[in-house]
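Q: Can you read through this structure? Questions will come right after.
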Amino acid sequence: MLTLTSDFGSPYPAAMKGVVLRRTDARLVDIAHDLPRQDVRAAAFWCRETLPYFPPAVHLVVVDPGVGTDRDAVVVRVGGHAIVAPDNGVALPAARRIAAEADIAVECFRYEYADPASSTFHGRDVFAPAAAAVHEVGVDAVESLDAIAPLESVAPDDAAGAVVDCRFPEAEVTAGAASGEVLVVDDFGNAITNVPGSFLDGREGGTLSVNGTEAAVVRAFADVDAGERLVTVGSHGFVECDVNRGRGADAFGLAPGDEVRLTEA
Amino acid sequence: MLTLTSDFGSPYPAAMKGVVLRRTDARLVDIAHDLPRQDVRAAAFWCRETLPYFPPAVHLVVVDPGVGTDRDAVVVRVGGHAIVAPDNGVALPAARRIAAEADIAVECFRYEYADPASSTFHGRDVFAPAAAAVHEVGVDAVESLDAIAPLESVAPDDAAGAVVDCRFPEAEVTAGAASGEVLVVDDFGNAITNVPGSFLDGREGGTLSVNGTEAAVVRAFADVDAGERLVTVGSHGFVECDVNRGRGADAFGLAPGDEVRLTEA
Amino acid sequence: MLTLTSDFGSPYPAAMKGVVLRRTDARLVDIAHDLPRQDVRAAAFWCRETLPYFPPAVHLVVVDPGVGTDRDAVVVRVGGHAIVAPDNGVALPAARRIAAEADIAVECFRYEYADPASSTFHGRDVFAPAAAAVHEVGVDAVESLDAIAPLESVAPDDAAGAVVDCRFPEAEVTAGAASGEVLVVDDFGNAITNVPGSFLDGREGGTLSVNGTEAAVVRAFADVDAGERLVTVGSHGFVECDVNRGRGADAFGLAPGDEVRLTEA
Numbered sequence: 001m002l003t004l005t006s007d008f009g010s011p012y013p014a015a016m017k018g019v020v021l022r023r024t025d026a027r028l029v030d031i032a033h034d035l036p037r038q039d040v041r042a043a044a045f046w047c048r049e050t051l052p053y054f055p056p057a058v059h060l061v062v063v064d065p066g067v068g069t070d071r072d073a074v075v076v077r078v079g080g081h082a083i084v085a086p087d088n089g090v091a092l093p094a095a096r097r098i099a100a101e102a103d104i105a106v107e108c109f110r111y112e113y114a115d116p117a118s119s120t121f122h123g124r125d126v127f128a129p130a131a132a133a134v135h136e137v138g139v140d141a142v143e144s145l146d147a148i149a150p151l152e153s154v155a156p157d158d159a160a161g162a163v164v165d166c167r168f169p170e171a172e173v174t175a176g177a178a179s180g181e182v183l184v185v186d187d188f189g190n191a192i193t194n195v196p197g198s199f200l201d202g203r204e205g206g207t208l209s210v211n212g213t214e215a216a217v218v219r220a221f222a223d224v225d226a227g228e229r230l231v232t233v234g235s236h237g238f239v240e241c242d243v244n245r246g247r248g249a250d251a252f253g254l255a256p257g258d259e260v261r262l263t264e265a
Numbered sequence: 001m002l003t004l005t006s007d008f009g010s011p012y013p014a015a016m017k018g019v020v021l022r023r024t025d026a027r028l029v030d031i032a033h034d035l036p037r038q039d040v041r042a043a044a045f046w047c048r049e050t051l052p053y054f055p056p057a058v059h060l061v062v063v064d065p066g067v068g069t070d071r072d073a074v075v076v077r078v079g080g081h082a083i084v085a086p087d088n089g090v091a092l093p094a095a096r097r098i099a100a101e102a103d104i105a106v107e108c109f110r111y112e113y114a115d116p117a118s119s120t121f122h123g124r125d126v127f128a129p130a131a132a133a134v135h136e137v138g139v140d141a142v143e144s145l146d147a148i149a150p151l152e153s154v155a156p157d158d159a160a161g162a163v164v165d166c167r168f169p170e171a172e173v174t175a176g177a178a179s180g181e182v183l184v185v186d187d188f189g190n191a192i193t194n195v196p197g198s199f200l201d202g203r204e205g206g207t208l209s210v211n212g213t214e215a216a217v218v219r220a221f222a223d224v225d226a227g228e229r230l231v232t233v234g235s236h237g238f239v240e241c242d243v244n245r246g247r248g249a250d251a252f253g254l255a256p257g258d259e260v261r262l263t264e265a
Numbered sequence: 001m002l003t004l005t006s007d008f009g010s011p012y013p014a015a016m017k018g019v020v021l022r023r024t025d026a027r028l029v030d031i032a033h034d035l036p037r038q039d040v041r042a043a044a045f046w047c048r049e050t051l052p053y054f055p056p057a058v059h060l061v062v063v064d065p066g067v068g069t070d071r072d073a074v075v076v077r078v079g080g081h082a083i084v085a086p087d088n089g090v091a092l093p094a095a096r097r098i099a100a101e102a103d104i105a106v107e108c109f110r111y112e113y114a115d116p117a118s119s120t121f122h123g124r125d126v127f128a129p130a131a132a133a134v135h136e137v138g139v140d141a142v143e144s145l146d147a148i149a150p151l152e153s154v155a156p157d158d159a160a161g162a163v164v165d166c167r168f169p170e171a172e173v174t175a176g177a178a179s180g181e182v183l184v185v186d187d188f189g190n191a192i193t194n195v196p197g198s199f200l201d202g203r204e205g206g207t208l209s210v211n212g213t214e215a216a217v218v219r220a221f222a223d224v225d226a227g228e229r230l231v232t233v234g235s236h237g238f239v240e241c242d243v244n245r246g247r248g249a250d251a252f253g254l255a256p257g258d259e260v261r262l263t264e265a
């Protein structure tokens with residue numbers, strides 16, 4: 001199985017699929033190709049929220065604002081999963097999530113690649129062939145891939161040779177308030193913060209202030225009328241600022257990166 | 001085979017796919033994930049217009065404005081097809097279409113589910129595991145699924161214990177006029193009404209008034225100039241109000257639910 | 001393997017997939033379904049830039065402004081590939097590219113089809129069944145498909161019985177200037193011209209004027225600051241007018257079909 005994630009829109013992902021399918025008959029599964037453009041943090045977030053649900057697979061992830069520069073390429077292996085991506089941090093949060101759930105280690109392999117056909121589409125010319133090669137040789141045998149390029153094992157926490165990481169900021173939570181930020185706005189317009197869902201424990205049925213705007217704390221969208229603001233624990237385990245049948249980000253005036261302060265109303 | 005339909009946009013459907021693929025190696029086919037948000041009637045329409053074209057399959061359909069409330073979950077079985085969906089009517093029109101084409105019966109199974117991980121993403125936590133389980137046990141053996149939850153067979157027309165249904169309004173058609181409404185506006189901007197296509201029999205080459213706006217009655221879009229309004233029988237068998245290379249809904253000022261009166265011009 | 005390309009948006013492609021999957025268990029791969037509406041030249045361009053990357057396959061391509069008129073249907077065979085499409089030229093550029101890379105010939109088969117169920121959705125009622133039939137009989141045996149319809153082999157260059165072709169205009173290039181046009185604007189907003197990338201040979205690090213607007217000639221997007229204009233060789237081998245992390249078409253004021261004149265600044 002080989003999953004594909006990018007910010008390429010359409011139809012560039014198809015070229016990647018063709019390249020992959022010339023080299024392997026892996027089952028292909030699209031994760032998303034409309035991730036926010038060149039936004040490594042958002043892509044890392046969505047990979048963390050989707051890839052761990054999959055059975056062991058090779059995951060091709062290309063959100064790559066540094067395409068054509070001298071940034072490296074990495075294979076991040078965790079259990080039976082291998083994430084093939086640019087060395088910009090996009091792979092690490094998903095890998096750490098998988099590692100934590102199975103209590104296993106994350107291994108990073110940085111590799112060089114021959115000068116590709118294009119300097120603007122490494123998804124097609126660098127990462128797709130690499131992902132196909134990993135799928136063909138098997139995730140357990142990534143080390144044997146010197147046919148592609150010299151692979152170097154790099155500890156993710158090795159300061160000297162470390163691969164690039166992406167860490168989400170942590171919210172500050174006290175008994176009565178939480179300060180965090182919006183990590184992403186999803187397709188529904190829900191503003192997903194980094195405040196742990198546990199902050200809402202015992203508050204269901206009450207009201208919270210979000211940067212001064214009051215909203216009901218509920219379990220289900222339909223617990224408030226259509227068009228009404230609400231605060232709930234989203235499917236990622238974080239506090240979300242939403243609107244039933246509407247766009248929470250608009251109603252609360254929130255965008256990715258914005259500060260969010262939740263206080264008792 | 002397992003098809004997926006939702007209003008989730010991207011990348012939430014990927015989490016559903018991961019959940020399914022951990023439990024079964026069914027071939028996955030996306031129907032659509034950009035259906036109008038929380039619009040059960042539109043989803044029911046599009047399921048009716050797509051699912052019957054498939055060979056026997058499990059169909060996971062999640063357009064679910066009541067997510068997290070106490071609405072039930074259903075498996076609707078018709079021939080070798082099983083539609084796994086919230087109990088909000090979204091599955092019934094497609095099932096009735098399949099039943100009518102093969103002259104077979106529709107069976108509904110309502111089931112309870114354990115409290116899921118999230119109250120906002122039952123697609124991932126309730127319906128995807130259920131669809132995978134139905135695929136694994138086989139559509140013919142849905143009754144044996146008490147491992148998941150107690151299944152209760154409910155006749156769709158049993159007023160007492162009936163599952164929720166969704167019925168499209170019927171147009172009123174006389175010899176010289178038809179009164180109906182817009183069921184959906186498709187991606188091309190075509191305003192698809194509930195007026196049967198047979199209303200246009202013998203009118204090709206003529207003109208009709210749509211709420212007072214005249215339009216040619218034609219067989220093909222290209223029968224009028226680019227930008228010109230037209231009325232034709234769409235691929236669903238209903239009268240559509242379209243524009244060649246344009247958006248009929250805009251040109252006629254029509255939105256889903258709007259009344260449409262077709263009269264001789 | 002059977003790929004699908006259209007301008008149908010969603011969810012009409014699903015009906016085509018159902019029709020195909022009732023007739024064959026071919027692996028399905030989506031190329032794109034959001035191509036510019038009714039734009040045969042753009043579709044021909046994107047088919048040329050994606051289909052040749054695939055292993056031998058049947059390619060169902062339906063961008064079809066003449067749907068319901070008397071335009072013909074074609075199967076274009078090149079090596080192990082067969083493109084099933086309306087006879088409007090959409091298939092030829094991809095076929096020629098595949099032929100050129102493998103030094104093989106392009107063969108065209110025009111066929112008639114029985115009057116289909118709808119006059120507006122030949123993707124579902126004409127081309128999907130034809131593509132499935134080609135897949136089932138095998139690309140090498142297209143001639144045997146008189147079960148579907150009488151097939152007629154037509155040389156693409158035979159003026160008398162020629163199938164419809166689509167040829168991209170060629171740019172005029174001199175030592176110091178190039179005059180061409182924008183072929184397409186991609187999802188990133190990059191304005192892709194027909195000026196061969198070789199025009200930028202030796203100019204990297206310099207500046208060019210695009211219709212009077214200056215821009216750096218670079219190798220990678222990130223070679224200029226975010227928001228800055230640039231000119232580079234795109235992944236298709238043509239000169240692109242782009243903006244790092246922005247939309248080049250907007251910044252340069254370019255749309256498909258616009259004239260582009262590149263001169264030394």
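Residue numbers (full-length UniProt numbering), protein chains in the order written: chain A, 1 to 265; chain B, 1 to 265; chain C, 1 to 265. Built from N, CA and C at the ideal position, the CB exists for glycine as well. These numbers come from a predicted model, not from an experiment.
Our contact map puts A43(B) next to L35(B) with C-beta atoms below 8 Å; I'd like the distance itself, whole angstroms only.
A: Position 43 of the second sequence, counting from 1, holds the residue named residue 43(B). Position 35 of the second sequence, counting from 1, holds the residue named residue 35(B). Contact annotation, A43(B) with L35(B): C-beta distance approximately 5 Å; criterion of less than 8 Å satisfied.
Q: By Cβ distance, which residues of its chain are closer than 8 Å to A249(B), with the 5 residues on each side in sequence left out?
A: Locating residue 249(B) in the second sequence gives position 249, counting from the first residue. Cβ neighbours of A249(B) beyond the five flanking positions: V182, V185, G189, N190, A191, C241, A255.
Q: Output needed for D144(B): all residues of its chain with C-beta closer than 7 Å, excluding positions within five of it in sequence on either side, in chain order.
A: Along the second sequence, one-based indexing puts residue 144(B) at 144. Per the sequence shown, residue 144(B) should be read as Ser rather than Asp. Answer for S144(B): V137, listed in chain order.
Q: Contact check, R37(C) vs A132(C) under 8 Å by CB: the rounded distance?
A: As a working mapping, residue 37(C) is identified with position 37 in the third sequence. As a working mapping, residue 132(C) is identified with position 132 in the third sequence. No, R37(C) and A132(C) are not in contact; Cβ-Cβ is about 25 Å, not under 8 Å.
Q: Just the Cα atoms here: how many angstroms apart are A100(B) and G206(B)?
A: Mapped onto the second sequence, residue 100(B) falls at position 100. Mapped onto the second sequence, residue 206(B) falls at position 206. Cα to Cα, A100(B) sits roughly 33 Å from G206(B).
Q: Let me check one thing: in DSSP terms, what residues is L4(A) bridge-paired to?
A: As a position in the first sequence, residue 4(A) is number 4, starting the count at 1. Paired residue(s): D30(A), L60(A).
Q: Going along chain C in order, which residues have a C-beta closer than 9 Å to the C-beta of M16(B)?
A: Taking the second sequence and counting its residues from 1, the one referred to as residue 16(B) is at position 16. Correct list: empty, because the minimum Cβ distance to chain C is about 16 Å.
Q: Does the segment 58 to 76 of chain B come close enough to the segment 118 to 125 of chain B that 3 or more CB-CB pairs lie under 8 Å?
A: yes
Q: Any C-beta of chain B within less than 8 Å: which residues of the segment 121 to 140 of chain C qualify?
A: F121, R124, D125
Q: Taking the continuous alpha helix (DSSP H) assigned at F45(C), which residues delimit it?
A: Within the third sequence, the letter at position 45 stands for residue 45(C). F45(C) -> alpha helix (DSSP H) spans 40 to 50.
Q: Does any CB atom of chain B fall closer than 9 Å to the CB of T69(C)?
A: Position 69 of the third sequence, counted from the start, is the residue given in the question as residue 69(C). Yes, T69(C) counts as interfacial toward chain B.
Q: Since Y111(B) is in the beta strand (DSSP E), which residue starts that stretch and which ends it?
A: On the second sequence, position 111 is the one that residue 111(B) refers to. It spans 106 to 111 - the beta strand (DSSP E) in which Y111(B) sits, taken as one unbroken run.
Q: Taking all protein chains shown into account, decide if D7(C) is buried (16 or more other Cβ within 10 angstroms of its Cβ) or exposed.
A: Within the third sequence, the letter at position 7 stands for residue 7(C). It is buried - the Cβ of D7(C) has at least 16 other Cβ atoms within 10 Å.
Q: If I follow the unbroken beta strand (DSSP E) through P196(C), where does it start and stop?
A: Indexing the third sequence from 1 puts residue 196(C) at position 196. First-last of the beta strand (DSSP E) with P196(C): 191 to 196.
Q: On the DSSP letters alone, give me the boundaries of the beta strand (DSSP E) that V182(A) sits inside.
A: Taking the first residue of the first sequence as position 1, residue 182(A) is located at position 182. For V182(A), the enclosing beta strand (DSSP E) begins and ends at 177 to 185.
Q: Any beta carbon from chain B within less than 9 Å of V61(C)'s own beta carbon?
A: As a working mapping, residue 61(C) is identified with position 61 in the third sequence. So no, V61(C) is outside the interface.
Q: Using a Cβ-Cβ cut-off of 9 Å, state whether R203(B) counts as contacting chain C.
A: Taking the first residue of the second sequence as 1, we reach residue 203(B) at position 203. Under the Cβ criterion of 9 Å, R203(B) is not counted among the residues facing chain C.
Q: Could you name the residues of chain C that V90(B) contacts, counting a contact when the two beta carbons are closer than 9 Å?
A: Along the second sequence, one-based indexing puts residue 90(B) at 90. By Cβ distance, chain C contributes nothing, its closest Cβ being about 14 Å from V90(B), past 9 Å.
Q: Counting only C-beta atoms, is residue 324(B) closer than 9 Å to chain A at any point?
A: No answer is possible for residue 324(B): the residues shown for chain B start at 1 and end at 265.
Q: Just tell me which of D223(C), R71(C), D39(C), V74(C) has its CA closest to the CA of A226(B).
A: As a first step, residue 226(B) is located in the second sequence; it is residue number 226 there, counting from the start. Ranking the options by Cα distance to A226(B), first place goes to D39(C).
Q: Going along chain B in order, which residues have a C-beta closer than 7 Å to the C-beta of G257(C)?
A: Here residue 257(C) is taken as the residue at index 257 of the third sequence, counted from 1. Within chain B, no C-beta atom comes nearer than 7 Å to that of G257(C); the closest sits roughly 15 Å away.
Q: Select from G180(B), D187(B), T5(B) the residue whose C-alpha is nearest the C-alpha of G197(B).
A: Translated into the one-based positions of the second sequence, residue 197(B) becomes position 197. It is G180(B) whose Cα lies nearest to the Cα of G197(B).
Q: Contact criterion: CB-CB distance below 9 Å. Does F188(C) meet it with respect to chain B?
A: Within the third sequence, numbered from 1, the residue matching residue 188(C) stands at position 188. No, its Cβ sits nowhere closer than 9 Å to a Cβ of chain B.
Q: Roughly how many whole angstroms lie between the Cα atoms of P52(C) and A117(A)?
A: Reading the third sequence from its first residue, position 52 is the one you call residue 52(C). Reading the first sequence from its first residue, position 117 is the one you call residue 117(A). Taking the straight line from one Cα to the other gives about 15 Å.
Q: Skipping 5 residues on each side, what residues in its chain have a beta carbon closer than 6 Å to that of C108(A)?
A: Within the first sequence, the letter at position 108 stands for residue 108(A). V74, V76, V154, P156, V163.
Q: Name the DSSP bridge partner or partners of L230(B)?
A: For the purposes of this step, residue 230(B) is identified with residue 230 of the second sequence, where counting begins at 1. DSSP lists A216(B), D242(B) as partners of L230(B).
Q: DSSP three-state call for S209(A): helix, strand or coil?
A: Locating residue 209(A) in the first sequence gives position 209, where the first residue counts as 1. DSSP places S209(A) in strand when its eight states are reduced to three.
Q: In this structure, does DSSP put R261(C) in helix, strand or coil?
A: Translated into the one-based positions of the third sequence, residue 261(C) becomes position 261. Note: R261(C) maps to strand in three-state DSSP.
Q: What is the DSSP secondary structure of S144(A), counted as helix, strand or coil?
A: Mapped onto the first sequence, residue 144(A) falls at position 144. The answer is helix: DSSP assigns S144(A) an H, G or I state.
Q: What does S153(B) pair with, by DSSP beta-bridge criteria?
A: Position 153 of the second sequence, counted from the first residue, corresponds to residue 153(B). Its beta-bridge partners are F109(B).
Q: Can you tell me whether P55(C) is buried or exposed, with buried defined as 16 or more other CB within 10 angstroms of its CB?
A: In the third sequence, counting from the first residue as 1, residue 55(C) sits at position 55. By the 10 Å Cβ count, P55(C) comes out exposed.
Q: Can you give me, in chain order, the residues of the segment 15 to 41 of chain A that have a beta carbon less than 9 Å from any beta carbon in chain B?
A: R27, V29, D30, I31, A32, H33, D34, L35
Q: Smallest Cα separation from V142(C): which of V84(C), C166(C), A15(C)?
A: As a first step, residue 142(C) is located in the third sequence; it is residue number 142 there, counting from the start. Out of V84(C), C166(C), A15(C), V84(C) has the C-alpha closest to the C-alpha of V142(C).
Q: Sort H81(A), K17(A), R261(A), R245(A) by Cα distance to V139(A) and report the nearest one.
A: The residue you call residue 139(A) lines up with position 139 of the first sequence. Cα-wise, what sits closest to V139(A) is H81(A).
Q: Do L2(C) and A57(C) count as a contact pair if the criterion is CB distance below 9 Å?
A: Indexing the third sequence from 1 puts residue 57(C) at position 57. Indexing the third sequence from 1 puts residue 2(C) at position 2. Cβ distance < 9 Å, so A57(C) and L2(C) count as in contact.
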